[in-house]
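Line by line, the protein sequences are chains A and B.
Just so you know, my numbering puts 797 at position 101 of the first sequence, and the rest follows in order with no gaps.
Just so you know, my numbering puts 748 at position 52 of the second sequence, and the rest follows in order with no gaps.
There are 2 protein chains.
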Amino acid sequence: MNKRTRSVAWGPVDRRRRIPEATVARLPVYLRTLLEVQSEDVTTISSERLAELAGVNAAKVRKDLSYLGSYGTRGVGYDVDHLLVQMSRELGLTRDWPVAIVGVGNLGAALANYGGFGDRGFPVAALVDADPSKVGTMFGDYKIRHLDELPALVAELGIAIGIIATPAVGAQEVADKLVAAGVTSILNFAPAVVTVPDHAQLRKVDLALELQVLSFYGQRESIGESLREELGVNAASKEAVS
Amino acid sequence: MNKRTRSVAWGPVDRRRRIPEATVARLPVYLRTLLEVQSEDVTTISSERLAELAGVNAAKVRKDLSYLGSYGTRGVGYDVDHLLVQMSRELGLTRDWPVAIVGVGNLGAALANYGGFGDRGFPVAALVDADPSKVGTMFGDYKIRHLDELPALVAELGIAIGIIATPAVGAQEVADKLVAAGVTSILNFAPAVVTVPDHAQLRKVDLALELQVLSFYGQRESIGESLREELGVNAASKEAVS
DNA sequence: GGGACTTTGTGAACAAACGAACAAGGTCGG
DNA sequence: CCGACCTTGTTCGTTTGTTCACAAAGTCCC
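What follows is the structure, encoded as structure tokens:
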């Protein structure tokens with residue numbers, strides 16, 4: 697099954713085969729799911745069950761997990777604890793990844809307040825802004841630092857991830873400065889196209905985009921509706937929900 | 697080129713061929729880009745240029761735009777204004793889509809404060825919570841309404857999109873109630889798997905997931921680094937950036 | 001008005017992702 | 001210890017998405 701010899705002690709290096717992007721994006725979902733079932737004292741889980749809880753297809757779960765080299769046991773399923781260990785390691789969650797939030801406007805402030813990060817191994821280590829009137833002031837427990845201090849912050853605090861929460865205009869410049877300072881993982885909330893060098897990782901969260909996509913399908917639906925009305929078809933299916 | 701007869705007056709219905717999901721997700725990016733160039737009094741744009749600004753491949757731009765049936769002019773490019781009109785129509789942005797934010801905790805509050813929605817045709821029409829101690833209190837200009845009032849809010853305010861900003865636990869229930877109230881477009885911020893009936897649209901934004909994916913690649917990178925160090929390879933490429 | 005030049009729109013090759021189906025492997029009751 | 005049963009791991013055909021490459025179509029200068 698596993699093409700490579702299974703040596704007794706893997707270094708964290710272990711390059712197995714490349715994990716597809718789509719799979720990487722699902723690992724956190726499995727992880728969260730597994731944490732939930734673990735807290736219910738479930739020790740073993742089948743791909744079928746995990747699939748159901750994670751909202752995906754069972755074959756996909758098995759294939760995804762097989763990339764981890766993670767052993768399930770045929771006839772039984774996967775050992776929850778073991779799977780969690782493997783997965784955390786693969787995702788690099790065995791250490792903390794300090795985060796700097798750049799741009800302490802509305803969104804940045806919200807993110808800084810949002811406790812969800814520190815809990816999950818991504819402590820907010822610094823707030824950064826380019827606006828001189830903000831730099832030096834306190835926000836919660838943080839003293840806001842200047843964008844140009846990034847290299848120092850990286851050295852001091854080990855910043856590993858930068859979150860861009862600036863207006864669209866400043867986003868590219870911020871990204872450049874982050875990369876220059878050695879931060880090669882960037883999460884961009886600014887509604888702008890940002891590019892980074894190949895060796896850096898960029899992901900984006902675009903709220904307006906999500907809403908516009910919903911709008912697209914929403915419109916389709918209302919078209920469908922008006923069509924149905926025109927055709928005199930009963931729209932009762934709508935009420936059947938819940 | 698266009699397989700179907702091009703009738704003179706399209707209704708907004710016009711079902712042409714189905715637009716692939718991946719394309720739908722890019723349309724908002726093109727839209728934003730076009731708005732930018734429009735404000736610079738550019739009247740015409742080539743697929744090449746648009747691709748560059750939108751951060752994608754030019755062939756992809758052309759194929760995407762071809763789904764809109766949008767005419768470019770060979771030898772010239774696309775008319776920016778015309779493209780914007782077509783695209784806005786296709787995305788359903790010719791009308792407003794009132795939004796209800798469910799869950800006025802940290803994240804919900806942040807989203808409510810975040811002005812970015814109303815500007816873009818998604819006015820926040822209501823704030824909803826299930827916590828009796830919050831319901832009835834004011835938040836900014838909004839009086840917080842109870843989750844069970846959703847059907848009334850939909851009727852009153854024409855809520856078209858629901859944003860779930862509750863803790864994970866409540867998310868599925870909220871989704872169910874939204875759908876039951878007739879809201880079939882849902883944006884989920886809660887870190888939980890939520891399912892909706894086929895006729896509803898669900899998109900999710902998962903901050904922890906994004907960070908964990910970055911962590912995955914970040915770890916890879918540091919593995920690469922330590923490998924390189926071990927091998928005595930110079931890591932200068934890192935400094936070449938910026 | 002004609003020819004050189006530009007840029008679109010799409011066919012076709014390639015690549016990634018998905019899901020069904022099934023053999024291999026392992027458990028567990030008797 | 002054996003056979004029935006279960007669940008994994010993987011193969012394979014299908015679908016979806018990306019990219020190249022080029023003919024078709026139109027512009028614009030002379």
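From the three backbone atoms N, C-alpha and C, an ideal C-beta is built for every residue, glycine too.
Just how far apart, CA to CA, sit R816 of chain A and G773 of chain A?
Start at 1 with the first residue of the first sequence, and residue 816 of chain A comes out as number 120. Start at 1 with the first residue of the first sequence, and residue 773 of chain A comes out as number 77. Approximately 27 Å between the Cα atoms of the pair.
Closer than 7 Å: A877 of chain B CB and nearest the ligand HEM heavy atom
Summarising the ligand content, the structure contains no ligands, and the ligand HEM is consequently not present.
According to the Cβ coordinates, are I860 of chain A and V870 of chain A closer than 8 Å?
Within the first sequence, numbered from 1, the residue matching residue 860 of chain A stands at position 164. Within the first sequence, numbered from 1, the residue matching residue 870 of chain A stands at position 174. In this structure, V870 of chain A lies closer than 8 Å to I860 of chain A by Cβ.
With 16 as the cutoff for other CB atoms within 10 Å, does A851 of chain B come out buried or exposed?
Position 155 of the second sequence, counted from the first residue, corresponds to residue 851 of chain B. That one is exposed.
Neighbour flag for S762 of chain A against chain B, beta carbons, 8 Å
Residue mapping note: residue 762 of chain A aligns to position 66 of the first sequence, counting from 1. Answer no: the Cβ-Cβ gap between S762 of chain A and chain B never drops below 8 Å.
Rounded separation between K756 of chain A and L727 of chain A - CA only
Residue numbering aside, residue 756 of chain A sits at position 60 when the first sequence is read from its first letter. Residue numbering aside, residue 727 of chain A sits at position 31 when the first sequence is read from its first letter. The alpha-carbon atoms of K756 of chain A and L727 of chain A are separated by roughly 15 Å.
Taking only runs that begin and end inside the segment 718 to 804 of chain B, name each unbroken beta strand (DSSP E) of 3 or more residues, in chain order.
773 to 775, 795 to 798
Presumed contact (8 Å Cβ cut-off) between A904 of chain B and P887 of chain B, rounded CB distance
Working through the second sequence from its first residue, we reach residue 904 of chain B at position 208. Working through the second sequence from its first residue, we reach residue 887 of chain B at position 191. With 8 Å as the limit, A904 of chain B and P887 of chain B qualify as a contact, their Cβ atoms being about 6 Å apart.
CB contact check: L746 of chain A to chain B, cutoff 8 Å
By 1-based counting over the first sequence, the position of residue 746 of chain A is 50. Taking Cβ atoms only, chain B never reaches closer than 8 Å to L746 of chain A, which makes this a no.
List, in chain order, every chain A residue whose beta-carbon is nearer than 9 Å to that of L749 of chain B.
In the second sequence, counting from the first residue as 1, residue 749 of chain B sits at position 53. The contacting residues are V889.
Per DSSP, the bridge partner or partners of I882 of chain B:
Position 186 of the second sequence, counting from 1, holds the residue named residue 882 of chain B. Answer is B:G858, B:L898, bridged to I882 of chain B.
Using a 10 Å radius around the Cβ and a threshold of 16 neighbouring Cβ atoms, would you call M697 of chain B buried or exposed?
Within the second sequence, the letter at position 1 stands for residue 697 of chain B. Residue placement at M697 of chain B is poorly supported in this model, since its pLDDT is 34, which falls under 50; the coordinates still yield a value, given next. Label assigned to M697 of chain B: exposed.
Closer than 8 Å to chain A by CB, Q868 of chain B
Within the second sequence, residue 868 of chain B is the residue found at index 172, counting from 1. Chain A contact via Cβ: absent.
Are the C-beta of N802 of chain A and some C-beta of chain B separated by less than 8 Å?
Locating residue 802 of chain A in the first sequence gives position 106, counting from the first residue. At a cut-off of 8 Å, the C-beta of N802 of chain A has a neighbouring C-beta in chain B.
Suppose you measure from the CA of T740 of chain A to the CA of G771 of chain A; what does that come to, to the nearest Å?
Counting from 1 along the first sequence, the entry for residue 740 of chain A is found at position 44. Counting from 1 along the first sequence, the entry for residue 771 of chain A is found at position 75. Spanning the two alpha carbons is a distance of roughly 11 Å.
Pull up the distance between the alpha-carbon of L787 of chain A and that of D777 of chain B, whole angstroms please.
Here residue 787 of chain A refers to the residue found at position 91 of the first sequence. Here residue 777 of chain B refers to the residue found at position 81 of the second sequence. Straight-line Cα distance between these residues: approximately 45 Å.
Indicate the three-state DSSP secondary structure (helix, strand or coil) for F818 of chain A in the structure shown.
Taking the first sequence and counting its residues from 1, one reaches residue 818 of chain A at position 122. Coil.
Where does the unbroken alpha helix (DSSP H) through D872 of chain A begin, and where does it stop?
The residue labelled residue 872 of chain A in the question sits at position 176 within the first sequence. Element bounds for D872 of chain A: 864 to 876.
Answer with yes or no whether the minimum CB distance from A796 of chain A to chain B is below 8 Å.
For the purposes of this step, residue 796 of chain A is taken as the residue at position 100 of the first sequence. Judged by the 8 Å Cβ criterion, A796 of chain A is not in contact with chain B.
S766 of chain B CB to nearest chain A CB: under 8 Å?
Taking the second sequence and counting its residues from 1, the one referred to as residue 766 of chain B is at position 70. Chain A, which has no Cβ nearer than 8 Å to the Cβ of S766 of chain B, makes this no.
I'd like to know if Q908 of chain A contacts chain B, where contact means its C-beta is closer than 8 Å to some C-beta of that chain.
Counting from one through the first sequence, the residue named residue 908 of chain A turns up at place 212. Nearest CB-CB separation between Q908 of chain A and chain B: below the 8 Å threshold.
Run through the DSSP bridge pairs and tell me what R841 of chain A is partnered with.
Residue mapping note: residue 841 of chain A aligns to position 145 of the first sequence, counting from 1. Looking at the DSSP assignment, R841 of chain A forms a beta bridge with A:V824.
Using 10 angstroms around the beta-carbon of E906 of chain A, count the other beta-carbons present and answer buried if the total reaches 16, otherwise exposed.
The sequence position of residue 906 of chain A within the first sequence is 210, counting from 1. Label assigned to E906 of chain A: buried.
How would you list, in chain order, the residues of chain A whose beta-carbon sits under 8 Å from the beta-carbon of E736 of chain B?
Along the second sequence, one-based indexing puts residue 736 of chain B at 40. Result: empty, since nearest Cβ-Cβ is about 14 Å, beyond 8 Å.
Compare the C-beta of V781 of chain A with all C-beta atoms of chain B and state if any pair is closer than 8 Å.
The residue you call residue 781 of chain A lines up with position 85 of the first sequence. Closer than 8 Å: no.
Pairing CB atoms from the segment 759 to 770 of chain B with CB atoms from the segment 731 to 738 of chain B, are three or more of them under 8 Å?
no
According to DSSP, what are the bridge partners of F835 of chain B?
Position 139 of the second sequence, counting from 1, holds the residue named residue 835 of chain B. Listed as beta-bridge partners of F835 of chain B by DSSP are B:Y838.
Contact set between G854 of chain B and chain A, taken where Cβ atoms lie within less than 9 Å:
Position 158 of the second sequence, counted from the start, is the residue given in the question as residue 854 of chain B. Residues of chain A passing the Cβ test: none, with the nearest at roughly 11 Å.
Chain A residues whose Cβ lies nearer than 8 Å to that of N809 of chain B
In the second sequence, the residue the question calls residue 809 of chain B occupies position 113. Near N809 of chain B (Cβ distances below 8 Å), the residues of chain A are N802, A806.
Minimum Cβ-Cβ distance from T880 of chain B to chain A less than 8 Å:
On the second sequence, residue 880 of chain B is found 184 positions in, with the first residue counted as 1. It does: the Cβ of T880 of chain B has a partner Cβ on chain A nearer than 8 Å.
How about A877 of chain B and L846 of chain B: do their beta carbons lie closer than 8 Å?
Within the second sequence, numbered from 1, the residue matching residue 877 of chain B stands at position 181. Within the second sequence, numbered from 1, the residue matching residue 846 of chain B stands at position 150. Yes; because the gap between Cβ atoms is below 8 Å, this pair is in contact.
Looking at S766 of chain A: is its Cβ nearer than 8 Å to the Cβ of A754 of chain A?
Working through the first sequence from its first residue, we reach residue 766 of chain A at position 70. Working through the first sequence from its first residue, we reach residue 754 of chain A at position 58. Judged by beta-carbon spacing, A754 of chain A lies beyond the 8 Å limit of S766 of chain A, meaning their Cβ atoms are not closer than that value.
Short of 7 Å in beta carbon distance, which residues of its chain neighbour R714 of chain A, apart from the five on each side in sequence? Order them along the chain.
What you label residue 714 of chain A is simply residue 18 of the first sequence in a count that begins at 1. The answer is none, since no qualifying residue turns up.
Step through the CB atoms of chain A and report whether any lies within less than 8 Å of the CB of F835 of chain B.
Locating residue 835 of chain B in the second sequence gives position 139, where the first residue counts as 1. Answer no: the Cβ-Cβ gap between F835 of chain B and chain A never drops below 8 Å.
Which two residues bound the contiguous alpha helix (DSSP H) that contains P847 of chain B?
Here the question's residue 847 of chain B lines up with position 151 in the second sequence. Looking at the DSSP string, the run of the alpha helix (DSSP H) that includes P847 of chain B is 846 to 853.
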